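Numbering (this note's numbering), first residue to last: 152 to 299.
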């Protein structure tokens, strides 16, 4: 475990970068879904273009960023003294992270709906869901920074 102490700044830096990439995708994918529903429809060249953009965003950016966020975050937790489990903040951060992961999976499931031509949600519903990562981000950042 000694190597974790020396690697702490690197692990933390890469964790922050992974979280930023993941959050960017969590903000952008629902917006793509809004435009897909409201402007594109379920057929044609633009539909195929949106399918490609959504698939690449999820598979090439969001999935690796989520995995890296989790792995690097778990490494940070393993470093003694970084997390005080008797406080509330690690638990609220964990709850926010579980919520963020659920939202990621929900977005992936909606993509499967688009692929199958079975999307039932409106642009308005996707806009409302687009607020979920913001709320979770507020919980996570306040938890980590204020350490209440």
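Ideal placement from N, C-alpha and C gives every residue a C-beta, glycine not left out. All values reported here derive from a predicted model rather than from experimental measurement.
Which complete beta strand (DSSP E) runs does the stretch 164-219 hold, if anything under 3 residues is left out?
Fully enclosed beta strand (DSSP E) runs of 3 or longer: not present.
For residue 300, the three-state DSSP class (helix, strand or coil)
In the structure as shown, the chain begins at 152 and stops at 299. Residue 300 is therefore absent and cannot be evaluated.
Is DSSP giving residue 298 helix, strand or coil here?
Here residue 298 carries a coil assignment [DSSP, helix/strand/coil].
With 16 as the cutoff for other CB atoms within 10 Å, does residue 148 come out buried or exposed?
Because the chain here runs from 152 to 299, residue 148 falls outside it and cannot be looked at.
Determine the direct distance from the alpha carbon of residue 211 to that of residue 172, and round the result to whole angstroms.
Cα to Cα, the separation comes out at about 11 Å.
Note down, in chain order, each residue of its chain lying with its Cβ closer than 7 Å to the Cβ of residue 244, except the 5 sequence neighbours on either side.
Result list for residue 244: 291, 294 and 295, in chain order.
Tell whether a beta-carbon distance below 8 Å holds between residue 287 and residue 250.
For residue 287 and residue 250, yes; Cβs fall inside 8 Å.
Alpha-carbon to alpha-carbon, residue 248 and residue 227:
Cα to Cα, residue 227 sits roughly 14 Å from residue 248.
May I ask which residues mark the beginning and end of the alpha helix (DSSP H) holding residue 257?
According to the DSSP assignment, residue 257 belongs to the alpha helix (DSSP H) that extends over 240-267.
Please name the residue, chosen from 252, 298, 160 and 265, that lies closest to residue 239 on a Cα-to-Cα basis.
The shortest C-alpha to C-alpha distance from residue 239 to any of 252, 298, 160 and 265 is the one to 298.
Nearest by alpha-carbon distance to residue 263: which of 285, 203 and 246 is it?
With distances taken between Cα atoms, residue 263 lies closest to 203.
Roughly how many angstroms separate the alpha carbons of residue 154 and residue 224, rounded to a whole number?
Cα to Cα, the separation comes out at about 16 Å.
Confirm, please, whether the CB-CB distance from residue 220 to residue 166 is below 8 Å.
Less than 8 Å divides the Cβ of residue 166 from the Cβ of residue 220.
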